[in-house]
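**Q**
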Amino acid sequence: MYLADEAWPDLRTYFEEESLALVPLGSTEQHGPHLPEGTDHLIAQALAREAAERTGYLCTPTINVGVSPHHRQFHGTMWVDAPVFRDYVESFSENLAYHGIDRIVFVNAHGGNVEHLREVGRRLHEAETAYAVEWMWDESIPELVDDLFETNGPHGGPKETAMIQHIAGDLVHDDRLAEARDGGLTEFEYDAMRVHGARTFYDAIDNTDNGVLGDQTDATAEKGEQLFEAASDQLVSLCDWLAERDRAELLPKDHV
Ligand SMILES: [Zn+2]
Numbered sequence: 004m005y006l007a008d009e010a011w012p013d014l015r016t017y018f019e020e021e022s023l024a025l026v027p028l029g030s031t032e033q034h035g036p037h038l039p040e041g042t043d044h045l046i047a048q049a050l051a052r053e054a055a056e057r058t059g060y061l062c063t064p065t066i067n068v069g070v071s072p073h074h075r076q077f078h079g080t081m082w083v084d085a086p087v088f089r090d091y092v093e094s095f096s097e098n099l100a101y102h103g104i105d106r107i108v109f110v111n112a113h114g115g116n117v118e119h120l121r122e123v124g125r126r127l128h129e130a131e132t133a134y135a136v137e138w139m140w141d142e143s144i145p146e147l148v149d150d151l152f153e154t155n156g157p158h159g160g161p162k163e164t165a166m167i168q169h170i171a172g173d174l175v176h177d178d179r180l181a182e183a184r185d186g187g188l189t190e191f192e193y194d195a196m197r198v199h200g201a202r203t204f205y206d207a208i209d210n211t212d213n214g215v216l217g218d219q220t221d222a223t224a225e226k227g228e229q230l231f232e233a234a235s236d237q238l239v240s241l242c243d244w245l246a247e248r249d250r251a252e253l254l255p256k257d258h259v
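Residues in the sequence shown are numbered from 4 upward in steps of one, following our numbering.
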């Protein structure tokens with residue numbers, strides 16, 4: 004069920020029977036010469052809408068600009084400051100709670116949002132407003148991601164390329180996949196980038212000239228479909244698990 008398509012009397016029925024909502028979140032930021040800036044929010048939205056369709060749970064509109072200042076040197080990248088993002092998502096969640104939602108899945112596809120969504124989840128939990136969990140699609144299927152691709156790269160690599168080939172193939176410049184690989188950084192290891200233990204870079208451009216990492220030529224729409232189906236299965240299972248919990252179980256424990 005997609006909230007924005009429904010008339011309010013039908014939503015009343017939903018809120019009487021269920022108390023779970025899926026909130027898709029991503030970014031609008033550079034994803035190299037071959038992928039659209041909307042990559043992350045397109046992925047989050049497609050997965051959340053798929054899970055909502057399969058289960059009947061409620062999916063809200065997508066939050067499609069996130070915390071992306073580390074991509075700002077590339078044309079078109081959009082972002083909001085982290086504190087503004089946290090306050091916005093918290094307020095958005097309080098709105099859902101007002102209608103009767105007490106459990107939320109933040110369906111996320113942008114690494115830069117993770118720590119902030121965790122913080123918002125903590126605030127909502129402490130205030131006993133709702134129990135919200137952050138879910139990052141590729142972290143739900145790490146083995147499959149590893150099996151399908153030789154050199155993944157954390158941003159704009161083959162896993163995201165394959166996903167967009169599957170869900171919005173018209174937006175992928177398939178003729179630029181080799182250019183994406185050759186103009187970026189293929190092999191990337193966080194630990195190898197450290198200087199005496201310190202992480203010394205802040206922006207994507209510090210490590211990659213064209214903004215992306217990994218070997219994009221390894222991506223196909225068929226692999227994207229496998230990723231999409233496997234991640235959707237995980238998301239559906241997470242929603243069912245969350246819906247089955249007693250409310251008391253989801254509240255903070257008392258002081259000892
Ligand atoms: Zn991305």
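A virtual CB, placed ideally from N, CA and C, is assigned to each residue, including glycine. Just so we're clear, the structure is a prediction, and the values are computed from it rather than from any experiment.
Would you check whether ligand 3 has a heavy atom nearer than 8 Å to the C-beta of residue 30?
**A** With respect to ligand 3, the structure shown offers nothing to examine, as its ligands consist of ligand 1.
**Q** Can you tell me the Cβ-Cβ gap for residue 47 and residue 111, rounded? I've got them flagged as a contact below 8 Å.
**A** Contact flag correct, Cβ pair sits at about 6 Å.
**Q** From this set, 9, 175 and 141, which residue's C-alpha is nearest residue 62's C-alpha?
**A** Closest option to residue 62, Cα to Cα, is 9.
**Q** As an exercise, report each continuous alpha helix (DSSP H) stretch of at least 4 residues that is fully enclosed by the segment 99-146, in chain order.
**A** List check, alpha helix (DSSP H) in window: 117-129.
**Q** DSSP three-state call for residue 222: helix, strand or coil?
**A** Residue 222 falls in the coil class under three-state DSSP.
**Q** Please report the straight-line C-alpha distance between residue 157 and residue 115, rounded to a whole angstrom.
**A** Taking the straight line from one Cα to the other gives about 11 Å.
**Q** Helix, strand or coil for residue 74 per DSSP?
**A** DSSP places residue 74 in helix when its eight states are reduced to three.
**Q** For residue 1, which three-state DSSP category applies?
**A** Any question about residue 1 goes unanswered here, given that the chain covers just 4 to 259.
**Q** For the beta strand (DSSP E) holding residue 27, just list the boundary residues, first then last.
**A** Segment 23-28, the beta strand (DSSP E) holding residue 27.
**Q** With a threshold of 8 Å, are at least 3 pairs of Cβ atoms found where one atom belongs to the segment 214-223 and the other to the segment 184-193?
**A** Contact holds: three or more Cβ-Cβ distances are below 8 Å.
**Q** Would you mind reading off the limits of the alpha helix (DSSP H) that contains residue 185?
**A** Looking at the DSSP string, the run of the alpha helix (DSSP H) that includes residue 185 is 180-186.
**Q** Tell me which same chain residues have a C-beta within less than 7 Å of the C-beta of residue 89, skipping the five on either side of it?
**A** If we look at residue 89 and ignore the five residues flanking it on each side, its Cβ neighbours are 119, 122 and 123.
**Q** When burial is assigned at 16 or more other CB atoms within 10 Å of the CB, is residue 235 buried or exposed?
**A** So residue 235 counts as buried.
**Q** Rounded to whole angstroms, how far is the Cβ of residue 80 from the Cβ of residue 242, which I believe are closer than 8 Å?
**A** No, residue 80 and residue 242 are not in contact; Cβ-Cβ is about 31 Å, not under 8 Å.
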